[in-house]
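Chains as they are written, first to last, in the numbering used here: chain A, 4 to 376; chain B, 141 to 349.
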């Protein structure tokens with residue numbers, strides 16, 4: 004009873020935050036970090052992932068099959084991008100600090116529509132941000148993924164890894180557009196410098212047969228981009244109800260303790276919380292973002308199965324456990340919360356009478372051997 | 141009390157165990173066959189190594205999985221005339237004991253293939269195994285069954301399993317005579333597979349040894 008009332012109070016407390024999120028973007032002092040570490044020079048790029056309206060009439064881009072990736076140096080970059088995306092553990096301890104792989108959330112190797120596909124993201128960057136009047140290139144967005152979702156350390160700008168993931172994303176998107184608008188020939192090759200910028204720019208070399216149908220803005224909003232926005236729940240989301248949903252539908256794959264399914268030394272099925280999952284700076288720790296992902300994409304191979312309410316509740320449950328610290332944390336949980344967590348999430352809060360989330364968080368970018376399994 | 145029961149079982153199986161030592165071609169971490177598992181070995185092999193079409197390989201399956209399957213046979217969620225009768229002979233604590241025994245038997249070391257190791261995969265069944273076919277919302281087999289399909293937890297090992305068994309199981313998932321997974325996840329995938337894919341996938345995984 005006590006537990007229930009604490010949780011109810013938590014939900015009530017979080018309601019104003021939910022409303023706030025719609026009005027405020029990110030905290031004003033986000034760009035004051037002085038370190039050159041990408042972790043702290045990228046504090047401002049974790050706006051909510053796009054949640055977009057899904058229409059029955061949406062037609063999604065169909066990238067060419069992987070067998071069509073050309074031979075040669077450019078094709079090699081595309082192939083490396085695919086490999087890193089599917090098996091990101093190749094970068095463990097170099098740039099990755101947890102057991103996740105990009106493909107865990109970006110289903111079908113970043114190709115599946117409505118699972119934040121790479122082909123749509125590529126045309127949405129560079130993105131201009133009013134607040135800092137700064138352009139964030141595609142590679143800078145990927146750097147954010149390494150810092151937060153992968154609980155690691157961002158590869159340097161222009162590094163082979165970022166060039167490769169950019170090349171793979173570009174190739175998926177451009178091959179899909181070329182097929183749709185009957186542009187013959189191979190995907191035009193781009194230099195590394197061009198590749199990492201992204202395609203939302205007027206000087207991007209877009210074949211006329213495509214640009215006469217879709218301008219830069221239309222390309223940045225391709226159907227299937229991001230995760231579809233889940234309708235609001237009837238009741239305020241509740242981790243207590245979410246636990247029941249989790250046990251019935253999720254734990255067979257993700258484990259009762261949320262630590263996924265380790266097979267042959269790798270997380271065949273990903274950990275959802277704890278030291279081996281995404282950190283408190285990742286977009287997926289937001290209850291709304293996790294809801295959008297879960298509702299559309301889980302369980303694996305089935306897609307929409309949970310009710311809207313179940314999706315919200317289970318997203319709240321998953322995100323009510325501790326995980327690696329927010330890399331922007333400077334020693335004060337309440338300050339970090341006030342600055343970066345004015346949204347639907349549990350950072351800085353106590354759930355079910357447990358310690359305040361963030362106060363005992365796991366390390367950022369730990370070496371694999373140092374993490375207790 | 142329980143301990144003495146176990147001891148009794150071990151004592152009973154000792155003479156048989158000696159025979160096994162002589163015949164064993166592979167080493168395994170547990171040689172003593174529990175009494176309750178004796179009957180199983182006549183079709184599944186003394187070390188759960190499988191006996192062709194007679195019985196599938198149990199070695200390499202997790203205790204958790206074997207335990208669950210015994211229960212599913214007993215409750216009819218998995219239908220097989222032979223196993224309906226056989227599973228009934230294993231009850232109570234013996235379920236865990238038998239599951240533990242077979243789960244500890246050795247399997248051959250195989251080179252592991254991870255998702256992403258290959259980009260363009262020309263063999264359509266290998267492609268299904270490692271990349272799935274998302275145009276039909278079929279995820280890669282190895283995304284749950286692990287690298288090379290070696291399995292873990294509630295996901296059975298597919299690598300090196302008897303080909304006839306793999307085929308029968310995919311067909312059973314398809315026609316609903318095998319159930320018992322959460323949310324019919326496997327049934328939902330099996331119904332999307334063509335007959336040729338069921339044959340091809342069975343061959344593909346059976347040949348990983």
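Positions of the beta carbon are idealized from the N, C-alpha and C atoms, including for glycine.
These numbers were taken from a predicted model, which means no experiment stands behind them.
Interface positions of the region 299–317 of chain A facing chain E (Cβ-Cβ less than 7 Å), listed along the chain: You won't find chain E in this structure, because its protein chains are A and B.
For residue 27 of chain A and residue 205 of chain B, what's the separation of their Cα atoms in angstroms? Counted from its first residue, the first chain places residue 27 of chain A at position 24. Counted from its first residue, the second chain places residue 205 of chain B at position 65. For residue 27 of chain A, the predicted model reports a pLDDT of 30, less than 50, meaning its position is unreliable; a value from the coordinates is still stated below. Going from the Cα of residue 27 of chain A to the Cα of residue 205 of chain B covers about 49 Å.
Against chain B, does residue 177 of chain A count as a neighbour if the rule is that its beta carbon must be under 8 Å from one of theirs? For the purposes of this step, residue 177 of chain A is taken as residue 174 along the first chain, with counting starting at 1. Interface with chain B (8 Å Cβ-Cβ cutoff): residue 177 of chain A is excluded.
Neighbourhood of residue 171 of chain A by C-beta distance below 6 Å, restricted to the same chain and skipping five residues each side: In the first chain, residue 171 of chain A corresponds to position 168, counting from 1. Once the five neighbours on either side are set aside, the close Cβ partners of residue 171 of chain A are 81, 84, 85.
Among the residues of its own chain, which have a CB less than 6 Å from the CB of residue 353 of chain A, if the five just before and after it don't count? One-based indexing of the first chain puts residue 353 of chain A at position 350. The residues are 359.
In chain B, what lies closer than 9 Å to residue 85 of chain A by C-beta? As a working note, residue 85 of chain A is residue 82 in the first chain. Within 9 Å Cβ-Cβ: 256, 259.
For residue 278 of chain A, which of helix, strand or coil comes out of DSSP? Along the first chain, one-based indexing puts residue 278 of chain A at 275. In this structure, residue 278 of chain A counts as coil in the three-state DSSP scheme.
Look at the alpha carbon of residue 366 of chain A and the alpha carbon of residue 151 of chain A, and state the distance between them as a whole number of angstroms. What you label residue 366 of chain A is simply residue 363 of the first chain in a count that begins at 1. What you label residue 151 of chain A is simply residue 148 of the first chain in a count that begins at 1. The alpha-carbon atoms of residue 366 of chain A and residue 151 of chain A are separated by roughly 12 Å.
In terms of DSSP beta bridges, what is residue 278 of chain B paired with? Along the second chain, read from residue 1 onward, the residue named residue 278 of chain B stands at position 138. DSSP, once it has assigned bridges, lists B:273 as partnering residue 278 of chain B.
Unbroken beta strand (DSSP E) run spanning residue 139 of chain A, endpoints: Position 136 of the first chain, counted from the start, is the residue given in the question as residue 139 of chain A. Where residue 139 of chain A is concerned, the enclosing beta strand (DSSP E) stretches over 137–139.
Just the chain A side, please: which residues come within less than 8 Å of residue 329 of chain B by C-beta, in chain order? Along the second chain, one-based indexing puts residue 329 of chain B at 189. Here the neighbours are 304.
With 8 Å as the threshold, decide whether the Cβ of residue 115 of chain B is near any Cβ in chain A. There is no way to answer for residue 115 of chain B, as the model of chain B reaches only from 141 to 349.
Go ahead and pull the three-state DSSP assignment for residue 123 of chain A. On the first chain, position 120 is the one that residue 123 of chain A refers to. The answer is helix: DSSP assigns residue 123 of chain A an H, G or I state.
Please classify residue 265 of chain A: does DSSP put it in a helix, a strand, or coil? The count along the first chain starts at 1 and reaches residue 265 of chain A at position 262. Residue 265 of chain A falls in the strand class under three-state DSSP.
Contacting positions in the region 319–348 of chain A - beta carbon closer than 8 Å to chain B: none
Determine whether the beta carbon atoms of residue 100 of chain A and residue 176 of chain A lie at a separation below 8 Å. Taking the first chain and counting its residues from 1, the one referred to as residue 100 of chain A is at position 97. Taking the first chain and counting its residues from 1, the one referred to as residue 176 of chain A is at position 173. Taking 8 Å as the Cβ cut-off, residue 100 of chain A and residue 176 of chain A do not qualify as a contacting pair.
Cβ neighbours of residue 329 of chain A in the same chain (closer than 6 Å, five flanking residues each side left out): For the purposes of this step, residue 329 of chain A is taken as the residue at position 326 of the first chain. Around residue 329 of chain A: 283, 284, 339.
Within-8 Å CB hit, residue 264 of chain B to chain A: What you label residue 264 of chain B is simply residue 124 of the second chain in a count that begins at 1. Chain A, which has no Cβ nearer than 8 Å to the Cβ of residue 264 of chain B, makes this no.
Please list, in chain order, the chain A residues whose beta carbon lies closer than 8 Å to that of residue 292 of chain B. As a position in the second chain, residue 292 of chain B is number 152, starting the count at 1. The answer, in chain order, is 264, 265, 266, 267, 271.
Excluding the five sequence neighbours on either side, which residues of its own chain have a C-beta within less than 8 Å of the C-beta of residue 337 of chain B, listed in chain order? In the second chain, residue 337 of chain B corresponds to position 197, counting from 1. So the qualifying residues of the chain are 264, 265, 268.
Counting only beta-carbon atoms, is residue 114 of chain A nearer than 8 Å to chain B? If you number the first chain from 1, residue 114 of chain A lands on position 111. Answer yes: the Cβ-Cβ gap between residue 114 of chain A and chain B drops below 8 Å somewhere.
Beta-carbon gap between residue 284 of chain B and residue 271 of chain A smaller than 8 Å: Counted from its first residue, the second chain places residue 284 of chain B at position 144. Counted from its first residue, the first chain places residue 271 of chain A at position 268. Taking 8 Å as the Cβ cut-off, residue 284 of chain B and residue 271 of chain A qualify as a contacting pair.
If we ignore side chains and look at the alpha-carbon of each, how far apart do residue 260 of chain A and residue 153 of chain A end up? To locate residue 260 of chain A, count along the first chain from 1; it is residue 257. To locate residue 153 of chain A, count along the first chain from 1; it is residue 150. Going from the Cα of residue 260 of chain A to the Cα of residue 153 of chain A covers about 20 Å.
Measure the C-alpha to C-alpha separation of residue 330 of chain B and residue 318 of chain A and round it to an integer number of angstroms. Walking along the second chain from the start, residue 330 of chain B turns up at place 190. Walking along the first chain from the start, residue 318 of chain A turns up at place 315. Cα to Cα, residue 330 of chain B sits roughly 28 Å from residue 318 of chain A.
Could you compute how far the alpha carbon of residue 288 of chain B sits from the alpha carbon of residue 345 of chain B? Numbered from its first residue, the second chain carries residue 288 of chain B at position 148. Numbered from its first residue, the second chain carries residue 345 of chain B at position 205. About 8 Å.
Hey, is residue 185 of chain B close to the ligand NAD, as in C-beta under 7 Å from one of its heavy atoms? Absence of the ligand NAD from the depicted structure is noted, as is the absence of any ligand whatsoever, leaving it without description.
Helix, strand or coil for residue 327 of chain B per DSSP? Looking up residue 327 of chain B in the second chain gives position 187. The answer is helix: DSSP assigns residue 327 of chain B an H, G or I state.
Runs of 4 residues minimum, wholly inside the region 43–116 of chain A: which ones carry the alpha helix (DSSP H) assignment? 76–89, 110–113
For residue 167 of chain A, the nearest candidate out of A:196, A:178, A:183 (CA to CA): Position 164 of the first chain, counting from 1, holds the residue named residue 167 of chain A. Looking at the Cα atoms, A:196 is the closest of the given residues.
Measuring CA to CA, which of A:97, A:63, A:76 is closest to residue 178 of chain A? For the purposes of this step, residue 178 of chain A is identified with residue 175 of the first chain, where counting begins at 1. Residue A:63 is the option with its Cα nearest to residue 178 of chain A.
Going by C-alpha to C-alpha distance, which of A:371, A:327, A:297 sits closest to residue 119 of chain A? Mapped onto the first chain, residue 119 of chain A falls at position 116. Residue A:297 is the option with its Cα nearest to residue 119 of chain A.
Suppose you measure from the CA of residue 373 of chain A to the CA of residue 74 of chain A; what does that come to, to the nearest Å? On the first chain, position 370 is the one that residue 373 of chain A refers to. On the first chain, position 71 is the one that residue 74 of chain A refers to. Straight-line Cα distance between these residues: approximately 40 Å.
Test: residue 235 of chain B CB closer than 8 Å to a CB of chain A: For the purposes of this step, residue 235 of chain B is taken as residue 95 along the second chain, with counting starting at 1. Not closer than 8 Å to any Cβ of chain A, the Cβ of residue 235 of chain B fails to qualify, so no.
Exposure label - residue 185 of chain A; buried when at least 16 CB within 10 Å: Residue 185 of chain A sits at position 182 when you count from the first residue of the first chain. That one is exposed.
List, in order along the chain, the chain B residues whose C-beta lies closer than 7 Å to that of residue 69 of chain A? Against the first chain, residue 69 of chain A aligns to sequence position 66. Under the 7 Å cutoff, chain B gives 259, 260.
Enumerate in chain order the residues of its own chain whose CB-to-CB distance from residue 107 of chain A is below 7 Å, with the five nearest sequence positions on each side excluded. Residue numbering aside, residue 107 of chain A sits at position 104 when the first chain is read from its first letter. Excluding residues within five positions, the ones whose Cβ falls inside 7 Å are 273.
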